[in-house]
Amino acid sequence: MKDKLINILDFAIYWSIVVIPFSVMFGPGLANAYIGIACACFFVKKLIKKERIAVNTSVNWAYFLFIGCSILSIKNSLYMDDSVRGILRVFEYFLIFFVCSEEIKSKKQIKLIAASAALGVSLVSIDAIWQLVIGKDFIWGNTPQICPIGLPRPSASFPDPNVLGVYLSALVPLVAALAMVRETGKARIWMGIAVLLGLAGTVLTFARGTGIAVYAALLFIAIVKKQKAVIAVLVGALLVFPLVMPKSIKDWAKEIKYNPIVFLCNYDRISIYKNAVNMIKHHPVIGVGVNTFCKSYTKYKLPEPENAKTAETMYAHNIYLQMAGEIGFLGLGAFLLFLFFVFKNVFSVYRRLKDGYLSVIALSLMACIGAFLINGLTETNLYYPRVVMIFWYLIGFSLALKNIE
């Protein structure tokens, strides 16, 4: 009876982890349900087997330091309920990457996860194209969003185009790496189609941070794997894009005198960044309190130009500024230390792996995490409930490679 129950729990954990990348495109509720199932079954299994939950690694201790800094920031919080919810969220993120790092154990499971990611990228990109052509996406009935310069942008099943871009930037490098250098025959064709759809979805969002993140990730993979043809295509795309981009973007670029900072960030984001820096100046060590940036924002607003007015409650549109504002440079430093140990661990495993498929997976996961972090320079993607679990999932996925090594 005990063995049968453990087998049921293993089955539930296994398939919950496999479908998470695909489920995110439907909504946070479904993805969180699978995450909850995986975490609950994991702890029940440990309890039944009377196994110790091992957390004694450099990555985990760095994350505990990050949790400690988040708790310390509550000292300055003016919104205690929000900060408590923020702390609970920080613990939830630990569970996501910890359970994935422990329970992804086989090459077969990794292949299923890659297929799940490819299916999610393909379907959401088809949905984005459908939304632009028909006027509504076929999952939730969302309509395209019209940006201030009159350009229609698809959001597919996500709340806005930038969030769709975050999802694509996190998974396209994984699919692209397999299509580029590993898969053969029908599998390569399938992955190649998924990549083309994902790139089409990425371009159609016109999310500048997403475009840069995906481009950097693909270039990184191509350089490491010496894919000269792919490098040539990427360089060519960079040269051609300014010539073929929509007229509305060309006109706007001319209007802002081709200022690269404004082109990337917009005037309003520049105002937000200045206000965020002002917040950090007032509380540089432990911040204003975890999960309180939005509500505290108005208190630190500086005089803004007419063309860059911002609302009273705002995200920082930069994960590093938002984190420094909420939990100070102490917390941001702990987060960067955590990332250092993550990349160190994955790179170490990558160098030791003899299996070609797993080696490509390790490389692609470094690119995926890097793309998410690059996107975080212009988006607050670590604070978007709709897609944040993807980041922590990728962290756990990358750390799990040690189980198979």
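Sequential numbering of the sequence shown, starting at 3, is according to this note's numbering. For every residue, glycine included, the Cβ atom is placed at its ideal position computed from N, Cα and C.
message = Excluding the 5 residues flanking cysteine 267 on each side, which residues of the same chain have their C-beta closer than 7 angstroms to its C-beta?
response = Thr380
Check your understanding: Mind checking lysine 77: buried by the 16 CB within 10 Å criterion, or exposed?
Key -> exposed
query: DSSP state of arginine 210, grouped into three classes?
result: helix
Under 6 angstroms Cβ to Cβ from aspartate 84, same chain only, skipping five residues before and after it: list those, please. Asn293 and Thr294
Just to confirm, is the Cβ distance from cysteine 119 to proline 30 under 8 angstroms? The question names cysteine, but residue 119 is alanine in the sequence shown. Contact: no.
For this session: Could you name the residues of the same chain whose beta carbon sits closer than 7 angstroms to that of tyrosine 65, not counting the 5 residues immediately before and after it, in chain order?
Result: Phe96 and Phe340
Query raised in the report: Residue range of the alpha helix (DSSP H) that phenylalanine 96 falls in?
Result: 82 to 105
Status (buried if at least 16 other CB within 10 Å, exposed otherwise) for histidine 284: exposed
- [ ] Note down the Cα distance separating leucine 153 from serine 250, rounded to an integer number of angstroms.
- [x] 7 angstroms
*asked:* Using 8 angstroms as the threshold, is the C-beta distance between glycine 398 and phenylalanine 45 below it?
replied: no
Pull the bridge partners of lysine 154 from the DSSP assignment, please.
Going by the sequence as given, residue 154 is proline instead of lysine. Paired residues: Ile148.
Worksheet entry | Secondary structure of proline 387, DSSP reduced to three states | coil
Next item on the list: With histidine 284 as the anchor, note down where its alpha helix (DSSP H) starts and where it stops.
Entry: 262 to 284
Pick helix, strand or coil for threonine 300, following the three-state DSSP scheme. helix
Do the CB positions of alanine 126 and serine 103 come within less than 8 angstroms of each other?
One point to set straight first is that residue 126 is valine, not alanine, in the sequence displayed. The answer is no: Cβ separation not under 8 angstroms.
Practice prompt. Have a look at tryptophan 1 and methionine 391 and give me their C-alpha separation to the nearest angstrom.
Written response: Examination of residue 1 is not possible in this model, given that the chain is present from 3 through 407 alone.
Exercise for review: Please check the pair phenylalanine 374 and serine 124, which I expect to be a contact at CB under 8 angstroms, by giving their CB distance rounded to whole angstroms.
Suggested key: Going by Cβ atoms, the distance from phenylalanine 374 to serine 124 rounds to 20 angstroms, so no, they are not a contact pair.
Self-check item: Neighbourhood of leucine 236 by C-beta distance below 8 angstroms, restricted to the same chain and skipping five residues each side
Solution: Tyr217, Leu220, Leu221 and Ala224
For aspartate 253, which of helix, strand or coil comes out of DSSP?
-> helix
Taking tyrosine 385 as the reference, which of Ile321, Leu365 and Ser75 has the closest Cα? Ile321
- Item | Supposed close pair serine 361, leucine 355 - CB separation, criterion 8 angstroms | 4 angstroms
* To do: Below 6 angstroms CB to CB, which residues in the same chain sit around alanine 196 once its five sequence neighbours on both sides are set aside?
  => Ala120, Val123, Ser124 and Val177
Practice prompt. Could you tell me the distance, in whole angstroms, from the CA atom of leucine 206 to the CA atom of alanine 278?
Written response: 30 angstroms
Legend entry - Ordered list of alpha helix (DSSP H) runs contained in the region 215 to 249, each at least 4 residues: 230 to 246
Alpha carbon to alpha carbon, how far is asparagine 383 from glycine 187? Give it in angstroms, no decimals.
36 angstroms
Please return the same chain residues whose Cβ sits closer than 8 angstroms to the Cβ of isoleucine 263, not counting the five positions on each side in sequence. Ile272
Less than 7 angstroms between C-beta atoms, sequence neighbours within five positions excluded: which residues of the same chain meet that for isoleucine 37?
Ile22, Ile98 and Met391
Worksheet item: Should alanine 369 be labelled buried (16 or more other beta-carbon atoms within 10 Å of its own) or exposed?
Response: buried
Exercise. In three-state terms, what does DSSP make of asparagine 347?
Worked result: helix
* To do: Indicate the three-state DSSP secondary structure (helix, strand or coil) for tyrosine 395 in the structure shown.
  => helix
**Study point:** Which of helix, strand or coil DSSP assigns to glutamate 328
**Key:** helix
So, for lysine 276: in the same chain, excluding its five sequence neighbours on each side, which residues have a beta-carbon less than 7 angstroms away from its beta-carbon?
Leu304
- prompt: Since isoleucine 131 and alanine 42 are thought to touch, with beta carbons under 8 angstroms apart, how far apart are those beta carbons, to the nearest angstrom?
  reply: Actually they are not in contact, since the Cβ atoms of isoleucine 131 and alanine 42 sit about 37 angstroms apart, beyond 8 angstroms.
request  = Measure the CB-CB distance between isoleucine 274 and threonine 312 and report whether it falls below 8 angstroms.
outcome  = yes
Segment limits, alpha helix (DSSP H) that includes aspartate 12: 4 to 25
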